[in-house]
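Chains as they are written, first to last, in the numbering used here: chain H, -15 to 320; chain P, -15 to 320; chain A, -15 to 320; chain E, -15 to 320.
4 protein chains.
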Amino acid sequence: MIRAGIIGASGYTGGELMRLLANHPEVEVVCATSRRLDGTQVSQNHPHLRSFTNLKFQNLDAGEVAGQCDVVFTAVPHGSAMDVVPQLLESGTKVIDLSADYRLPYDVFEQVYGLEHKAPRDAVFGLVELHPEVCDASLVANPGCYPTGATLAAAPLAAEGLIEQAIFDSKSGISGAGVEPSQASHYPNMAENIQAYKLTTHRHGAEMRQELGRLDGNIKVSFTPHVIPSVRGILTTAHLFLKAGTDHSQVADIYQRFYKDNPFIRLLDSIPMLGPVRGSNFCDIGFEMDADGHRLVVVSAIDNLVKGASGQAVQNMNLMFGLDETMGLWNPAVFP
Amino acid sequence: MIRAGIIGASGYTGGELMRLLANHPEVEVVCATSRRLDGTQVSQNHPHLRSFTNLKFQNLDAGEVAGQCDVVFTAVPHGSAMDVVPQLLESGTKVIDLSADYRLPYDVFEQVYGLEHKAPRDAVFGLVELHPEVCDASLVANPGCYPTGATLAAAPLAAEGLIEQAIFDSKSGISGAGVEPSQASHYPNMAENIQAYKLTTHRHGAEMRQELGRLDGNIKVSFTPHVIPSVRGILTTAHLFLKAGTDHSQVADIYQRFYKDNPFIRLLDSIPMLGPVRGSNFCDIGFEMDADGHRLVVVSAIDNLVKGASGQAVQNMNLMFGLDETMGLWNPAVFP
Amino acid sequence: MIRAGIIGASGYTGGELMRLLANHPEVEVVCATSRRLDGTQVSQNHPHLRSFTNLKFQNLDAGEVAGQCDVVFTAVPHGSAMDVVPQLLESGTKVIDLSADYRLPYDVFEQVYGLEHKAPRDAVFGLVELHPEVCDASLVANPGCYPTGATLAAAPLAAEGLIEQAIFDSKSGISGAGVEPSQASHYPNMAENIQAYKLTTHRHGAEMRQELGRLDGNIKVSFTPHVIPSVRGILTTAHLFLKAGTDHSQVADIYQRFYKDNPFIRLLDSIPMLGPVRGSNFCDIGFEMDADGHRLVVVSAIDNLVKGASGQAVQNMNLMFGLDETMGLWNPAVFP
Amino acid sequence: MIRAGIIGASGYTGGELMRLLANHPEVEVVCATSRRLDGTQVSQNHPHLRSFTNLKFQNLDAGEVAGQCDVVFTAVPHGSAMDVVPQLLESGTKVIDLSADYRLPYDVFEQVYGLEHKAPRDAVFGLVELHPEVCDASLVANPGCYPTGATLAAAPLAAEGLIEQAIFDSKSGISGAGVEPSQASHYPNMAENIQAYKLTTHRHGAEMRQELGRLDGNIKVSFTPHVIPSVRGILTTAHLFLKAGTDHSQVADIYQRFYKDNPFIRLLDSIPMLGPVRGSNFCDIGFEMDADGHRLVVVSAIDNLVKGASGQAVQNMNLMFGLDETMGLWNPAVFP
């Protein structure tokens, strides 16, 4: 059994990692750290894990975690992962970092996050569908939730050099804002509402530019996020303006070829919705084209806590350990 | 124009008072206090009041408020109203207290709230339909939200001495928990959920016992509250066990007679719901009877922030100033 | 008193007209037609109107309605208004048509709706902020809900000729889909979801192109609608690509000048949300600009049933009858 | 592999059976019938099952289904199961009937459902925790959703003869109303609302009376259901009036003893909620006691589609085939 640790396990991504790993046949979670909840039962904080774990949260340093684990998931805020990742790597532990610390080149990171990077390391960007090299990585930077849905929606066309300009208008469930109550997540504010925020400045735009830019250096990317009255899910509406006119079947072909070996990408003839991916690691993609063939609207749907975070992390872990990509993740969504 | 002040105006009941009074033809809100928001625009905190008020929150003491007002609404937490009410009364200002401080005899208050009462005063319990004497009151204790819906559901039968036992199972919108974010009001916790709480010990039970006990000294009252994924509204399911069998038309007669002069009580042939009272001061009541005629299930629906708080406060104010009970309140619900 | 009739009064816009007119000091609704509900109480179908109207739905033809009314609101599906509007106009009644039949030149209408127009008439497009000539109109075509929010978000910049391309990504409450249950409005499908639809082909795009095209003939307009788990409201995210760079204060100036005489437009320093407009006739507008000054994201928020339908219809009626634009509509939103 | 068939597979319980069985190591679903959807892909109707099944709905009669199956789940409306169950049983197939047809003695059924029973058979009531004899059954009547949560909340005390009177006030997610859109499930009606219905006459009361009556012939049972703005889940608030005073630890002991061998019952020190059981087969139970020790409020939480329907059906199937009760069902809830 692969022994896994979770640093920063009290939040939603920590709980989701434990939910997904509860039934993984090759992995056992052996430690879960939380400074704040040191000594309390994991299942008291994550009540859906009652009967599934007797672990208690511990306040351990990186060395103590590395000593008992083959792989460590760092589920801490950006700026904190860089404090523990180097020591974990030096101990020979594989690391999947769910924070933003290793997703961008360190200089880009510093500019985007306004923060000095204390410990740059080489990492693979863990969007498996674009980065098969995660198989050989010891440090994987698990992608942001928005970049996952947006990049997957546009990558096949970007790889063909077809996109002039991409405008990603994303709608996320509020669980993305985390476990701590805030004005944004206060029920009377969020219910019967939709909150647009950081209309032109959300940091996740940098990951989209990096990943689509790798495929086509000239692509122009804009990104505007919203939160909607849903707990889970991100629907991304990608308004793609093309360099040359094309037609529906050509586009369908491009997507099918691009994703033919990716079990978690489902290409639909209809428009994706959040229900059919809820709780699962799938990314559903569908599209429609303007009459003139120059504007395409592609819609992608993921569960932000699964394919957008913890599920993708497990998918990365599977590949890093030579396991089948789908192990422990091959579950239908919970719908309705 | 009647000059009104609101002490503790930054919460939901404060905002709702200003919403309702914005169109009251005989009242002007002249001051709104908040220690925390001193100096900020009221409409920045209550964004629905943009274009309706230029007031700023002020940090004023009771005397300063009394000096400029004919009536003061105290919308502060229990235990705080007793600090300001005596001085307001001594200044000759009429007071409508939305806190719990004056709803119960002081000794009952102390027992229920575990708090010494520093300033007992005579007050009228402001459930207008049962207390016509609010017309002559200078201090009205505005009822709790749950007691309003529960008492109105059972009062007509209690007044006839018919009820052996009343079990009130109430379901409230989360706005009743206030403007401050908390675990209970955190969207991921409240959505797709219902939270039962204080199953046998909620303090509002004391008001129900007092008010129904006034009508029938032997009635037995149980009360269990819940919060549901709704911003506004309280639906109370009153399970009433009767001393003697009766029938549908007798019960209907009793309710119609009891409420014949009460414009805000609407007796339905169907089961009340929250939508048709949302944003309005109505209390809708409907019922069904067990085949044996000994158990009645009465359902009442109110908007917790209107009939359950600020609307009822305005209704009280109208009567205290000799105005028509419905003035400024005669608006349909916002449905759907 | 102005005598008003509503043809097709059983739907949400019919109910909303009656809610708004219930407190209008100069208007009385004297007839409400519905073939399906002929003879039933209006308040049975619109339960929030209990105590506010004793009207029954009637099955009347246009002539019978015209005979008793000074103004008629036609709240029927597109394709049906053209059957009654001519006769109403000939009877000297003023008409506000909430359907799509008179919003577009008849040839454009026929192309967009795939329907022969049986009775073209001259009408004013009832977006009051852009069409002061509604004052003199006898037939006003009340705008679609999406075009209202989208056009108002972009019009000031379009009037300056600054916009190269506008992408409107709109998120609507599900009440826009009407009173009849459907798969889209089925709670298990809509909750915890967001449904993108007609990604490139929604008919309301034609109204946006018409209205913005009037201001700038070269503007390119794309439109994609979504429904979100909210009953009311439309939030429109307008991604505006500008011809020349500009800055924040210039844009703010342009909006302030453009809307300086429009009481229902509120320009915010923050990002609009649905709560502060819910149940009200306001359109809140805010924006942020990309660092390079060439892309602007403007967000507008309206209540789809008020400013997006029935409220705007009353606003039009007020102007057509020489009343103050805000009469009967000057109410704060119901928030939270 | 056990070959399973589902008769009436197009509804929510059918989809949920296939979701749960998708990962069951010993079962394969080999046919799914639907008259209406004959010939269409199962995954088109149940979009969360894309990639998990290539089955098409078929229009088969009972004999054809029995011919290919070891076990058949009948997920049809009450009154319809009795048309197919006898033939299935005669073919030697085991049957788990999710309808109401075999839950009550046929004479009680006829009275409660107002319907002649065409084919009475002996069946075991499939509430596993009370009916270990399901192990030997060839026909199991899968319990109603409400009776599952209510009966489990009260059974331990009923078995001790302690309950004088039980009032079950239940709050269900709207998925219990099924896949077909209706006024009750119409989003604008259900959102921000709670709908009480059949206040004293819901048919599920009969199952509660039967099951608790088996434990204590004198118990008095009342039941009132509600639907809340949640897709899944039933929270039951059981107001239990006891014959004699007791205390908290005695009650806790009684529940622990009663359920000590039942893996899906989780006894909490806190009040159950819907999130921690969502998508799972657990029934969480917690309680509080009145100061006088005579009234107990017990709260139970289940997922209506899992423990309240399809999960319980799989649990029954496991036992009927000598498998571990938890097989295929031992998954944490999806929370948040």
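All residues carry an ideal CB built from backbone N, CA and C; glycine is no exception.
Cβ of residue i within 8 Å of any chain E Cβ
i: residue 274 of chain P; result: yes
i: residue 151 of chain P; result: yes
i: residue 215 of chain A; result: yes
i: residue 154 of chain A; result: no
i: residue 165 of chain A; result: yes
i: residue 179 of chain P; result: yes
i: residue 72 of chain P; result: no
Any C-beta of chain P under 8 Å from that of residue i
i: residue 158 of chain H; result: yes
i: residue 95 of chain E; result: no
i: residue -7 of chain A; result: no
i: residue 7 of chain A; result: yes
CB contact below 8 Å: residue i versus chain A
i: residue 32 of chain P; result: yes
i: residue 176 of chain E; result: yes
i: residue 302 of chain P; result: no
i: residue 171 of chain E; result: yes
i: residue 262 of chain H; result: yes
i: residue 193 of chain P; result: no
i: residue 41 of chain P; result: no
Residue-chain proximity (residue i, chain H), Cβ-Cβ < 8 Å
i: residue 315 of chain E; result: yes
i: residue 259 of chain A; result: yes
i: residue 212 of chain A; result: yes
i: residue 320 of chain E; result: yes
i: residue 271 of chain E; result: no
i: residue -4 of chain E; result: yes
Burial state of residue i, where buried means 16 or more other Cβ atoms lie within 10 Å
i: residue 12 of chain A; result: exposed
i: residue 232 of chain E; result: exposed
i: residue 302 of chain E; result: buried
i: residue 169 of chain A; result: buried
i: residue 102 of chain P; result: exposed
i: residue 125 of chain A; result: buried
i: residue -15 of chain A; result: exposed
i: residue 308 of chain E; result: exposed
i: residue 24 of chain H; result: exposed
i: residue 296 of chain P; result: buried
Terminal residues of the beta strand (DSSP E) in which residue i lies
i: residue 279 of chain H; result: 279 to 286
i: residue 322 of chain P; result: Residue 322 of chain P is absent from the model: chain P starts at -15 and stops at 320.
i: residue 222 of chain P; result: 218 to 226
i: residue 111 of chain A; result: Looking at the DSSP string, residue 111 of chain A is not in any beta strand (DSSP E), and its letter there is neither H nor E.
Boundaries of the alpha helix (DSSP H) in which residue i is found, first to last residue
i: residue 399 of chain H; result: There is simply no residue 399 of chain H to check, as chain H begins at -15 and stops at 320 in what is shown.
i: residue 1 of chain H; result: -4 to 5
i: residue 290 of chain A; result: No alpha helix (DSSP H) contains residue 290 of chain A, which DSSP labels as neither H nor E.
i: residue 48 of chain H; result: 46 to 52
i: residue 255 of chain E; result: Per DSSP, residue 255 of chain E belongs to no alpha helix (DSSP H) and is neither H nor E.
i: residue 241 of chain E; result: 232 to 242
Beta bridge counterpart(s) of residue i as assigned by DSSP
i: residue 157 of chain H; result: H/212
i: residue 81 of chain A; result: A/58, A/125
Residue i beta carbon near the ligand PLP (any heavy atom closer than 7 Å)
i: residue 131 of chain P; result: Absent from the structure shown: the ligand PLP. Ligands present: none.
Ordered list of alpha helix (DSSP H) runs contained in the segment 165 to 204 of chain E, each at least 4 residues: 171 to 174, 188 to 199
task: Ignoring anything shorter than 3 residues or poking outside the segment 6 to 70 of chain P, list the beta strand (DSSP E) runs there in chain order.
output: 11 to 17, 55 to 58
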